[in-house]
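In my numbering, each residue's number is its place in the sequence shown (first place is 1) plus 581.
Yeah, the Cβ is synthetic: ideal placement off N, Cα and C, and Gly gets one too.
Small disclaimer: the values here were computed from a predicted structure and weren't measured.
A short worksheet on the structure shown next.
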Amino acid sequence: MFVNRLALPLCLPLLTALACHTQAQETSWSDVLAQGDARLFFDNQYFARDFRDGPNNAGRNRYKPRDERNGYRQEWGQSVQLHYHSGFTPGLIGLGVDAFAMAAFKLDSGGGRTGTGTLAVDGQGHPRDSHGKAGGALKLKIADAQLKYGNFSTQAPVLAADNSRIIPGMAHGLHLQGDWAGLQLEAARFTALSGPTESKNRGAISTVVGRPDRRGIDIHSASYIGLSHRGEPWSLSYYLGQLEDVWTQHYLHLSHEQALGAGTLSNSTHLYRTRDSGASLFGPIDNLIGSHAIAYRLGAHRLTLAYQRTFSDTPFDYIGFGDGQSSQSIVLANAAAYSDFNGPRERSWQLRYDQRLHWLGLPELNLALRYQRGWGADGSHAPSHSIYHGLYGRDGKHHELDLDLGYTFASGPLKNLHLRATQIWHRSNRAYADASIDQTRLRIQYPLELF
């Protein structure tokens, strides 16, 4: 692929030239660092998941007979994050650095209740009292283009870090982005991904559905290149991603927004096309999945209707960080709070209602209610040598109801403090891979700008 073959050969000469350029700079590093910005971020989260038809197999439960395992997971943690972004040295090529340090602390959990991905777990299945990570990246700037190497977050639709835990996932590698004539170009190559519960920056590259770590499969790199145009009324983006010796993945997004009556009508289409490539370590893959959502906003109200379908005998899979439980590398209308509705041959629809509850005197209070139903999932035709063989049965069906309430303080001493409560109910039959659960998440987040 283009990114794999050309990224490093092109960037190494640039790094060498930069080193020479930096030595000639008269501006001191103290000036560059002083031009930057730093912030603290506090994240407190309670996460509970009740398995309605099966046990919790994580933590100490894995060492117990199946009928003695707990049927729920429950973790409560607090994190403190420090993020710093420097300015750039003057001249044609600007040099700068980004850095981060993050620590998470256990407030409550136990060996029989762990497994939500909030807290790190030791080799005996007990949640650790604390964990964290630190790192940084070197960055170069030429005109409107920026090149970065090191450890940082990524948010591409084919490879995106998960921010739903108290410590986010991080990626290690090379990233290039720039703007030209209204177009945004992005390219990257990563050789390691780190999940929210890992203290190392160079963790495994995994996938959410296939879970190659369980098959002894090592993935050495993930890369992508993308082009986006955001305008009015149309927006368009295309990404080409590659998971080395596993797949090549295409992503396309098209959206349109227009005034209709007193409100606004919007349409959004997402498509992923995935095929096995290289050594085909996961077996044959020939997957197409797409979704379309139509929404109408009127004042404080928004109503959304969406449809999604998978065209393949295997599920739609996507890149995961570390242990594979953490990822946001999927952008589809029906990728919900718990299930992604991405089973083989699955069809699903969604009805969603959002409202800003200003009539309560709280204009920053937001309510979201979403119901989704999926049917027709059929994994019985997955090839016997596929990593996805046996994950789904025939005629898998399920439904999910999500209730989300969020509030952000807009002013006063608590300005930017964000409170959020999410309740999920998911039910499935035995032919579907995602379990029946009740899930509760309570979260308090507070960003503090230092300078």
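| Check | Outcome |
| --- | --- |
| Boundaries (first-last residue) of the beta strand (DSSP E) holding residue 678 | 675-689 |
| Beta strand (DSSP E) runs wholly inside the segment 841-928, at least 3 long, in chain order | 844-857, 867-879, 882-892 and 900-902 |
| Inter-residue Cα distance where the pair is residue 942 and residue 628 | 29 Å |
| Secondary structure of residue 605, DSSP reduced to three states | Note on residue 605: pLDDT 44, under 50, position unreliable in the model; no value is reported. |
| Burial state of residue 763 (16 or more Cβ within 10 Å) | exposed |
| Contact check, residue 969 vs residue 895, beta carbons under 8 Å | yes |
| Distance, residue 680 Cα to residue 603 Cα | At residue 603 the pLDDT is 47, less than 50, meaning the model places this residue with poor confidence; the figure from the coordinates comes in the next sentence. Cα to Cα, the separation comes out at about 19 Å. |
| First through last residue of the beta strand (DSSP E) which encompasses residue 762 | Taken as a continuous stretch (DSSP letters only), residue 762 belongs to no beta strand (DSSP E), as it is neither H nor E. |
| Opposing strand residues paired with residue 712 [DSSP bridges] | 685 |
| Helix, strand or coil at residue 1031 according to DSSP, with G and I counted as helix | coil |
| C-beta atoms of residue 741 and residue 909 nearer than 8 Å | yes |
| Reference residue 1020, options 810, 859, 917 and 791, closest by Cα | 917 |
| Coil, strand or helix - residue 640 by DSSP | helix |
| Euclidean distance between Cα positions of residue 664 and residue 724 | 24 Å |
| DSSP-derived helix/strand/coil call for residue 976 | coil |
| Distance, residue 794 Cα to residue 808 Cα | 32 Å |
| Other residues of its chain near residue 726: CB distance less than 6 Å, five sequence neighbours each side excluded | 759 |
| DSSP three-state assignment for residue 792, whether helix, strand or coil | coil |
| Separation of residue 1004 from residue 992, as counted between CA atoms | 27 Å |
| Rounded straight-line distance, which links the Cα of residue 774 to that of residue 551 | Lying before the first or after the last residue shown, residue 551 is absent from the chain, which here runs from 582 to 1032. |
| At least three beta-carbon pairs within less than 8 Å, the segment 901-915 to the segment 956-964 | no |
| First through last residue of the beta strand (DSSP E) which encompasses residue 702 | Premise fails: residue 702 is in no beta strand (DSSP E) and is neither H nor E. |
| One or two residues paired with residue 1018 in a DSSP bridge | 632 and 1007 |
| Beta-carbon proximity check, residue 827 vs residue 771, cutoff 8 Å | no |
| Option nearest residue 1013 by Cα separation, candidates 999, 1022 and 956 | 956 |
| Close-in-space but distant-in-sequence residues of the same chain around residue 947 (CB under 6 Å, 5 per side omitted) | 937 and 987 |
| Helix, strand or coil at residue 785 according to DSSP, with G and I counted as helix | coil |
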